[in-house]
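Numbering (this note's numbering), first residue to last: 1 to 339. All residues carry an ideal CB built from backbone N, CA and C; glycine is no exception. So the structure is just underneath, and the comments pick up after that.
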């Protein structure tokens, strides 16, 4: 059935639409139409979106007033589970997003099936003391139900649920999309208090190097090059075609490489300083020692030069990517405002 877009609410969604994905769908729908209807559930005031956020937003952009939809009779908890399942099946979620979706799904599932909560199973005594992985019985354990719905292992579901429950919303919000957005980092802070988590994330996100902070500050100011560099033009074109998630991954990777190069450069400087100190304090065959140490110093200086060159290259790449991301975000915000 066709449903008026104005009747469909999306305010309670866990995840909002990605502008690049919406733009890609706009082109597809304009050319061949909407091939897959969205899914909605009736509410007291209209309909709540269950699946198809990007398709719905693309239809809005195209100026459509109604959209083909499949209607399912789902309550609020069932809608949350459906949304979480749709996203957890995707391969583009970050560790923090997987943790949040899994936590939301668990809360909704246990609200529908309170007998599956661990506290309830403990009250049943020897019947099902703790509902461990591998345990059988009805209704299905949260981990078993989620694993079946998303194609993950129960261990992975347990891990993501624990991260989502133990890491505070404030910390997850700060981590999302940053270089800290990894499962290893979430595990490292999950046993801290909420205040300690936020403090640690703030400290770990703060630039550890004055140069890095200057680079970050400079990246927030749009700059226009007056020279038409074909290589840079080609790179900008390639960057503009990348989805936001890929750009974030690229920036995280480049920052890690820059950090490694800085560490390598610092190590080489230290080695050169030690060699010079040995040269000054050496006693014995000074001529041969001087020649040997001079060759070593020359080699280390050469390595340090190459490290500096690599560092400069990676930093330029990082700057270009960050500028492009900031430009695209600004364009997206302007388009959203216009819409």
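Can you check which of these residues, 170, 187, 178, is closest to residue 199 by C-alpha distance?
For residue 199, the nearest C-alpha among the options comes from 170.
Is there contact here, the segment 156 to 164 with the segment 73 to 86, by at least three beta-carbon pairs under 8 Å?
No contact exists between the segment 156 to 164 and the segment 73 to 86.
Leaving out five residues before and five after residue 25 in sequence, what residues of the same chain have Cβ atoms less than 7 Å from its Cβ?
54, 55, 58.
So what does DSSP say about residue 114, is it helix, strand or coil?
If DSSP states are grouped into helix, strand and coil, residue 114 belongs with the helices.
Would a C-beta distance cut-off of 7 Å place residue 41 and residue 98 closer than the cut-off?
Taking 7 Å as the Cβ cut-off, residue 41 and residue 98 do not qualify as a contacting pair.
Tell me the rounded alpha-carbon separation between residue 333 and residue 181.
When rounded, the distance between both Cα atoms is 24 Å.
Pull the bridge partners of residue 4 from the DSSP assignment, please.
Answer is 66, bridged to residue 4.
State the Cα-Cα distance for the pair residue 266 and residue 273, rounded to the nearest angstrom.
Spanning the two alpha carbons is a distance of roughly 11 Å.
Can you have a look at residue 322 and say buried or exposed, based on whether 16 or more other CB atoms are within 10 angstroms of its CB?
Residue 322 is buried by the Cβ-count criterion.
Tell me the rounded alpha-carbon separation between residue 254 and residue 113.
Their backbone Cα atoms lie some 45 Å apart in a straight line.
Kindly indicate the opening and closing residues of the beta strand (DSSP E) around residue 46.
Here the beta strand (DSSP E) through residue 46 covers 46 to 51.
Can you give the Cα-Cα distance for residue 20 and residue 2, rounded to whole angstroms?
The straight-line gap from Cα to Cα measures roughly 26 Å.
Just reading off the alpha helix (DSSP H) that residue 143 is part of, what are its end residues?
Segment 142 to 150, the alpha helix (DSSP H) holding residue 143.
I'd like to know if residue 207 contacts chain C, where contact means its C-beta is closer than 7 Å to some C-beta of that chain.
Absent from the structure: chain C. Only one protein chain is present.
Starting from residue 156, trace the beta strand (DSSP E) in both directions and tell me its first and last residue.
First-last for residue 156: 154 to 166, but that is the alpha helix (DSSP H), not the beta strand (DSSP E).
By the 10 Å Cβ neighbour count, where 16 or more other Cβ atoms means buried, how is residue 89 classified, buried or exposed?
Per the 10 Å Cβ criterion, exposed.
For the beta strand (DSSP E) containing residue 41, name the first residue and the last one.
Its beta strand (DSSP E) spans residues 38 to 43.
Go ahead and label residue 330 buried or exposed: buried means 16 or more other beta carbons lie within 10 angstroms of its beta carbon, across all protein chains shown.
Under this definition residue 330 is an exposed residue.
Compute the Euclidean distance between the alpha carbons of residue 270 and residue 277, then round it to the nearest angstrom.
Between residue 270 and residue 277, the C-alpha separation is close to 11 Å.
Count the other CB atoms, across all protein chains shown, that sit within 10 Å of the CB of residue 49; report buried if there are 16 or more and exposed otherwise.
Per the 10 Å Cβ criterion, buried.
Rounding to the nearest angstrom, what Cα-Cα distance links residue 185 and residue 27 in this structure?
Using only the alpha carbons, I get a separation of about 38 Å.
Residues in its own chain within less than 7 Å of residue 8 by CB, not counting five upstream and five downstream?
Here the set comprises 40, 46, 47, 49, 56.
When DSSP builds the beta bridges, which residues end up paired with residue 9?
BP columns for residue 9 point to 48.
Tell me whether residue 94 sits in a helix, a strand or coil according to DSSP, three-state version.
DSSP places residue 94 in coil when its eight states are reduced to three.
Within its chain, find whatever has a CB closer than 8 Å to the CB of residue 201; leave out the 5 residues flanking it on each side and keep chain order.
Answer for residue 201: 171, 174, 175, 180, 189, listed in chain order.
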